[in-house]
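Structure first, commentary second.
Take a look at the structure:
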């Protein structure tokens, strides 16, 4: 793991890093309280489709979790996102998806193929990132949480299912089509977000993914509105959820 | 309004009262912080079927809201519940319902008839209780909240729809069959609870009642488990919800 830069604002230290991987260098960012030393819970934030590790929503979550809870928070660019190269296969699927969206066609099968391609790469990447971050003195081997919606859920479900260091997850804005099988292997507490009028994810497939989760403790939070209109109070809820399960 | 007794425990003053009504005396209870003076938010708690104004779950909610938020909390016995007389019509419908439950028959139409009968009485009663309580110096004319699940939701939906002094409500464990029309007239923020494996309320009718609510801000909270197994953290959530909307 190589650190590239370190800055601080509002009591939050932000460190950009890259971690070498067989799939290419992973660009990431770590947020911790200024002057932090010692072990603390680590929250991983999976960004949405077309976004990146420092999208405004990701940074806002990180600042809340660092300043209110004293946690460490990390995000990485998903494969084919942010500063990362796209393979011809990525390009083909993204082009196909955009074409179908413009033509009003059925995007679901292409999106499923794209998610499967990216997840095959991102799951081992996230696991390597956790290992590397937990070797740092100001992160340490504390409990891990994951929050990811939309693409962050599509990639998060197989990751949380595969990674026993993750003890609690906030997921949602994604359906069961490609994720039900991995969801059934998740056993940690989950808060699962649904937008009741989601124009991208049919309500029935959202509810089916919640249903598929193997967790004994899981709570569905549904709010009116479209895909991008998750109310701000759901971030408050996530902060409390992680505090309850990881502190 | 006539006060019958006053006791105190853990910083919470409990006053039993009766309020005369055309439907007979309404037995109620008011909880406030010890030594409280001045106006504060008032939360009304509607108990479940077969329960009463001082059922353990009602008292536990009251103590949380009084000690953590400084609110006033009140509960009354619903018609045909607690210390209140049953009419021959109540007896007929309750007997019919029990008979169908034992025989494994369709309880829904009888339950709907019973709820309609009780709500016709309880809505004006709750409104009179609010008026009387808000004349007290240690309650005053502050914002009002309502929390009621199961029977407390069946009676709460028409009450919240009819009563503009109610500014926020926590409802749930009840379906759309008899409540959808009144629910559409509710416009205040609602937190709506669903038990995913509810053996008494079909999931689809629960979701339909959430859908029917006219509120712009409404959040569905669904948890696994049967009708009576609402997780304790949903009371935490209700405390925060009322704090957010009424403080």
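Residue numbers (our numbering), protein chains in the order written: chain A, 1 to 247; chain B, 248 to 494.
Don't be surprised by glycine CBs; every beta carbon is placed ideally from N, CA and C.
query, result
"Span of the beta strand (DSSP E) holding residue 274/B?", "273-280"
"Count the other CB atoms, across all protein chains shown, that sit within 10 Å of the CB of residue 43/A; report buried if there are 16 or more and exposed otherwise.", "buried"
"Less than 8 Å between C-beta atoms, sequence neighbours within five positions excluded: which residues of the same chain meet that for residue 434/B?", "461, 462 and 463"
"In the structure shown, what three-state DSSP assignment does residue 337/B receive?", "helix"
"May I have the straight-line CA-CA distance separating residue 83/A from residue 27/A, to the nearest angstrom?", "8 Å"
"Is the CB of residue 469/B under 8 Å away from at least one CB in chain A?", "yes"
"Quick check: the Cα distance between residue 296/B and residue 445/B, rounded to an integer number of angstroms?", "15 Å"
"As a quick exercise: from 431/B, 373/B and 361/B, pick the residue whose alpha carbon is nearest that of residue 413/B.", "373/B"
"Can you list, in chain order, the stretches of the beta strand (DSSP E) that have 3 or more residues and sit fully within the region 176-240 of chain A?", "190-195 and 218-223"
"Which stretch, first to last residue, makes up the beta strand (DSSP E) that contains residue 419/B?", "413-419"
"Please tell me whether residue 218/A has its Cβ less than 8 Å away from any Cβ of chain B.", "yes"
"Does DSSP put residue 360/B in a helix, a strand or coil?", "helix"
"Measuring straight from C-alpha to C-alpha, what distance separates residue 390/B and residue 494/B?", "8 Å"
"Would you identify the three-state DSSP class for residue 150/A, choosing helix, strand or coil?", "coil"
"Residues in the same chain with beta-carbon distance under 7 Å from residue 118/A, minus the five sequence neighbours each way, listed in chain order, please.", "78, 79, 80 and 155"
"Return the residue from the list 315/B, 370/B, 312/B and 356/B that minimises the CA-CA distance to residue 269/B.", "370/B"
"With a threshold of 7 Å on Cβ separation, who are the neighbours of residue 344/B within its own chain once the five nearest residues in sequence on each side are excluded?", "354, 357, 358 and 361"
"Any idea if residue 349/B is buried or exposed, counting beta-carbon neighbours within 10 angstroms, 16 or more meaning buried?", "exposed"
"To the nearest whole angstrom, what separates the beta carbons of residue 416/B and residue 392/B, a pair I think is in contact under 8 Å?", "7 Å"
"Compute the beta-carbon to beta-carbon distance between residue 419/B and residue 398/B, rounded to the nearest angstrom, for a pair I have assumed lies under 8 Å.", "So it is not a contact: roughly 12 Å between Cβ atoms."
"List, from N- to C-terminal side, the alpha helix (DSSP H) runs of 4 residues or more that fit wholly inside the region 285-351 of chain B.", "303-316 and 335-350"
"By the 10 Å Cβ neighbour count, where 16 or more other Cβ atoms means buried, how is residue 255/B classified, buried or exposed?", "exposed"
"If we call anything under 8 Å between Cβ atoms a contact, is residue 221/A one with residue 192/A?", "yes"
"Cα separation between residue 25/A and residue 458/B?", "46 Å"
"Checking contacts by CB at 8 Å: is residue 235/A closer than that to chain D?", "Absence of chain D from the displayed structure is noted, the protein chains being A and B."
"Residue range of the beta strand (DSSP E) that residue 5/A falls in?", "2-9"
"I need the DSSP call for residue 18/A, collapsed to helix, strand or coil.", "strand"
"Please classify residue 159/A as buried or exposed, where buried requires at least 16 other C-beta atoms within 10 Å of its C-beta.", "buried"
"Report the partner residues of residue 391/B according to the DSSP bridge assignment.", "289/B and 413/B"
"Out of 189/A, 3/A, 139/A and 47/A, state which residue places its alpha-carbon closest to the alpha-carbon of residue 245/A.", "189/A"
"Let me know if residue 322/B comes out buried or exposed under the rule of 16 or more other beta-carbons within 10 Å of its beta-carbon.", "buried"
"Should residue 178/A be labelled buried (16 or more other beta-carbon atoms within 10 Å of its own) or exposed?", "buried"
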